[in-house]
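Participant: Below is one structure. I have some questions about it.
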Amino acid sequence: MTQSEQLGATDEVVVCDFDGTITNQDACDQILATFANGDWQAVGKSYEEGAISHAEMNTRFIEMLTVSPKELELFIKRNIKVREDFNDFILACKRLGIMPVIISSGWDSYIKTLLSDLNVVFPKSLEDLSSLQSDCLPVVCNHIRFDEASASWQVEFPFAGSQQSSPDKTAIVNHLRNQGVKNIIAVGDGLSDRGMARAADLVFSRDILTEYCKGQGIETVEFDTFGEVESAIEDIKSKIVRLLSLPSYHPYNKRFDNRRDIAFANPNSDCFAEKDSCTPEYFEKNYPPEGYDVVHIHFEYYLIPVDVLENLLKYFKKKNKPIVWTCHDRRSLVEESPVGEYEQLLSRYADGITTLTEGCSKWLKLQYCPAKSGVKIIPHGYLAHPSIVEEQAKEVPKDRNLFTMLIGDFRKSKEFIHSIRDFLECEDLSENARLQIIFRTGSTCPDDSSTKERLREFQELIKNPRITAICMENIPDEVIIKAFVSSHAVILPYLWGTHSGQLEMARDCGCHVVVSDVGYYKEQWNTVRTWAASQEWDLDQSRRYQEALTDVYIREPLKPAGYGRLKEFEENILRPHLELYNNLTSGRHS
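Be aware that the sequence shown starts at 232, since it is given in our numbering, and climbs by one per residue.
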């Protein structure tokens with residue numbers, strides 16, 4: 232991470248509480264015990280019992296203060312101490328490429344005094360936080376000021392709060408995740424840190440927070456000193472598998488680039504997009520062999536000539552790099568590579584082969600891999616982090632009259648005319664039933680007269696008042712999550728391909744799924760509603776499709792899948808991948 236890099240562009244962040252975590256004692260409690268004119272402990276108990284919000288507690292605390300700014304500063308300097316290894320920890324974070332951010336439910340006045348030897352900055356909005364340079368130490372907290380005229384203290388809350396905490400620490404963590412941060416490490420000790428710990432990827436805890444994490448089944452590492460936290464993070468980083476993921480930008484793959492277990496050598500790249508970006512010379516220059524341990528090939532290899540792919544595979548073999556190939560679905564292979572040249576190459580060169588379903592595994596073994604020891608089945612897992620889904624669900628109610636169709640690009644595998652028209656003409660749906668369609672401007676599509684005619688027809692269809700069109704050049708994850716969270720059901724009218732990512736997103740967000748039977752969907756989620764697809768969209772297919780729509784429309788709304796998805800991903804998906812990578816790299820690391 233360079234000194235000029237902005238927080239919004241960094242991969243890893245440590246979010247750290249202040250009172251009782253960075254300091255040896257709770258500074259706010261010490262101040263109130265000395266200068267409060269009133270029963271501040273009774274106010275604190277009301278908060279702990281859930282009778283008042285954190286912001287209300289803070290407001291009452293401030294109203295009780297009977298101390299001048301100068302007296303307060305002198306008291307803080309004499310009585311409150313920062314843990315002696317905290318400054319070293321901040322330096323270690325910068326050395327490890329991790330951005331530290333303090334998130335405190337306390338007050339800026341004493342934090343500024345106690346951390347005067349560090350380059351602390353107090354952002355006043357989430358936008359300010361994202362734009363800060365990495366050479367500073369951001370502090371997200373409440374602001375207090377002394378009014379000379381009334382000789383009283385006043386508190387300001389620049390960030391939105393929750394019942395648990397002001398600022399809302401969960402919302403701050405979610406904002407960082409939406410900004411693209413891949414690994415969020417939480418360090419805390421108290422009640423106000425509960426949401427932060429729940430939303431983070433790795434938790435270091437003390438005292439009350441440790442009890443909470445253990446009670447909630449949140450994995451946590453107990454600590455006494457920041458030196459212990461530093462050592463634990465360094466140990467984790469020493470065991471990371473460095474992956475060359477082809478491609479790496481895909482939402483399915485991004486989840487693995489967590490910077491704790493796996494780090495991508497080529498983040499956000501699309502190496503199969505052009506012929507020049509998939510030659511040995513290109514990789515030698517841009518992603519030299521010493522920068523990664525394993526090559527994992529997922530999608531879009533069929534976009535380059537087969538001889539170019541073979542040349543690249545030979546290069547990886549020459550560099551002694553294990554190759555893993557994941558086959559995502561059978562039908563896509565048949566359509567994109569009908570003679571199977573690419574798959575024959577990959578099955579021959581791959582040191583490990585995985586797929587998502589038992590059905591695809593059987594087909595692969597029969598068609599391409601009879602001599603291989605086996606095709607490892609590793610399912611898909613979550614796409615939307617439960618903390619983000621939970622936050623959206625609080626803001627956007629589930630609408631049982633709303634269906635969503637995520638088209639994205641207008642690729643030839645997608646049917647977007649009959650499925651929309653038949654939705655509008657389905658008599659068993661209420662006239663209140665609506666369809667929101669998400670697609671990209673200037674999106675990828677075949678350049679032929681038939682497709683152009685379908686696009687013209689599509690533009691006419693979306694003028695219907697029961698349709699909401701969401702059209703963007705690049706569709707952010709938060710837009711998709713918000714759309715899915717608010718929807719009763721998601722429609723996947725595909726001609727081929729499993730499109731399992733959208734199905735998993737539907738599970739994350741609590742949506743029913745209506746999908747053509749071209750993939751192994753029932754293995755992913757046995758409650759999906761399929762209809763029998765045929766090559767031609769005739770009257771029988773229209774009837775089957777409308778019956779499927781009606782069936783899910785009358786079902787009770789679903790709830791988001793929740794935090795259990797993270798454990799499912801950890802145990803059933805991430806660990807099997809790590810076992811495969813580690814087995815392949817044993818004794819072969821360069």
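All C-beta atoms, glycine included, are put in the ideal place defined by N, C-alpha and C. Keep in mind that this is a model prediction, so the values were computed, not measured.
Using the C-alpha atoms, what's the distance from D748 back to F689?
Facilitator: 23 Å
Participant: Do L477 and V555 count as a contact pair if the criterion is CB distance below 8 Å?
Facilitator: Contact check for V555 against L477 fails: the beta carbons are separated by 8 Å or more.
Participant: Buried or exposed for Q256, please, with buried defined as at least 16 other CB atoms from any protein chain shown within 10 angstroms of its CB.
Facilitator: Q256 should be labelled exposed.
Participant: Please determine if the stretch 607–624 and the stretch 723–743 are in contact, where contact requires at least 3 C-beta pairs separated by less than 8 Å.
Facilitator: The way I'd put it, the stretch 607–624 does touch the stretch 723–743; three or more beta-carbon pairs between them come closer than 8 Å.
Participant: Rounded to whole angstroms, how far is the Cβ of I528 from the Cβ of L577, which I believe are closer than 8 Å?
Facilitator: 7 Å
Participant: How is N757 classed by DSSP in three states: helix, strand or coil?
Facilitator: In this structure, N757 counts as coil in the three-state DSSP scheme.
Participant: Taking the CB atoms as reference points, tell me whether G337 and C372 lie closer together than 8 Å.
Facilitator: Yes, they are a contact pair.
Participant: Should R291 go down as buried or exposed, given a rule of 16 or more other Cβ atoms within 10 Å for buried?
Facilitator: Buried.
Participant: Ends of the alpha helix (DSSP H) at D630?
Facilitator: No alpha helix (DSSP H) contains D630, which is instead part of the beta strand (DSSP E) from 630–639.
Participant: Between K400 and S423, what straight-line distance do the alpha-carbon atoms span, to the nearest angstrom?
Facilitator: 8 Å
Participant: Just to confirm, is the Cβ distance from I669 to A714 under 8 Å?
Facilitator: yes
Participant: Within 10 angstroms of its Cβ, does R326 collect 16 or more other Cβ (buried), or is it exposed?
Facilitator: exposed
Participant: For Q667, list the residues DSSP reports as bridge partners.
Facilitator: T635, T699
Participant: Going along the chain, which residues of its own chain have a beta-carbon closer than 7 Å to the beta-carbon of N663, five neighbours each way excluded?
Facilitator: N632
Participant: Can you tell me whether T588 is helix, strand or coil according to DSSP?
Facilitator: coil
Participant: In terms of residue numbering, what span does the beta strand (DSSP E) encompassing I333 cover?
Facilitator: 330–338
Participant: Whole angstroms is fine: what's the gap from Q410's alpha carbon to A417's?
Facilitator: Cα to Cα, Q410 sits roughly 17 Å from A417.
Participant: Which parts of the stretch 725–794 are runs of the beta strand (DSSP E), unbroken and 3 residues or longer, counting only runs that do not cross its ends?
Facilitator: 743–747, 760–762
Participant: Of the residues L587, R685, T241, which one's Cα is nearest the Cα of G750?
Facilitator: When the alpha-carbon of G750 is set against those of L587, R685, T241, the nearest one is in L587.
Participant: What number of angstroms, rounded off, separates the C-alpha of S821 from the C-alpha of D492?
Facilitator: Per-residue confidence for S821 stands at a pLDDT of 39, beneath the threshold of 50, marking its modelled position as unreliable; no derived number is given.
Participant: Report the option in I648, P617, E379 whose CA atom is closest to the CA atom of K683.
Facilitator: I648
Participant: Comparing C-alpha positions only, which one of R425, F457, V460, P398 sits nearest to G448?
Facilitator: R425
Participant: Select from I262, D488, L263, D630 the residue whose C-alpha is nearest the C-alpha of L809.
Facilitator: It is D488.
Participant: Of all the options S356, T816, Q777, D319, which has the alpha carbon lying nearest to the alpha carbon of A764?
Facilitator: Q777
Participant: Measure the C-alpha to C-alpha separation of C444 and S347 and round it to an integer number of angstroms.
Facilitator: 32 Å
Participant: Quick one: using the 10 Å Cβ neighbour count with 16 as the cut-off for buried, is E515 buried or exposed?
Facilitator: exposed
Participant: State the Cα-Cα distance for the pair H285 and P389, rounded to the nearest angstrom.
Facilitator: 14 Å
Participant: Around the Cβ of K645, are there at least 16 other Cβ atoms within 10 angstroms (buried) or fewer (exposed)?
Facilitator: buried
Participant: With a Cβ-Cβ cutoff of 8 Å, do L789 and G741 count as a contact?
Facilitator: Contact flag set, yes.
Participant: Rounded to whole angstroms, what is the Cα-Cα separation between G818 and T585?
Facilitator: Reliability of the predicted coordinates at G818 is poor, the pLDDT of 49 falling under 50, and the value obtained from them is presented with this limitation in mind. The alpha-carbon atoms of G818 and T585 are separated by roughly 22 Å.
Participant: Can you tell me whether M427 is buried or exposed? The criterion is at least 16 other CB atoms within 10 Å of its CB, across all chains shown.
Facilitator: Answer is buried; the Cβ neighbour count reaches 16.
Participant: For K506, count the other beta carbons within 10 Å of its own beta carbon; 16 or more makes it buried, fewer makes it exposed. Which is it?
Facilitator: exposed
Participant: Which of helix, strand or coil does DSSP assign to Q451?
Facilitator: Note that residue 451 corresponds to Thr in the displayed sequence, not to Gln. In this structure, T451 counts as coil in the three-state DSSP scheme.
Participant: Looking at S500 and S479, is the spacing between their C-beta atoms short of 8 Å?
Facilitator: yes
Participant: Consult DSSP for K643 and reduce its assignment to one of helix, strand or coil.
Facilitator: coil
Participant: Under a Cβ-count criterion, where at least 16 other Cβ atoms within 10 Å of its own Cβ denotes burial, should E243 be classed as buried or exposed?
Facilitator: buried
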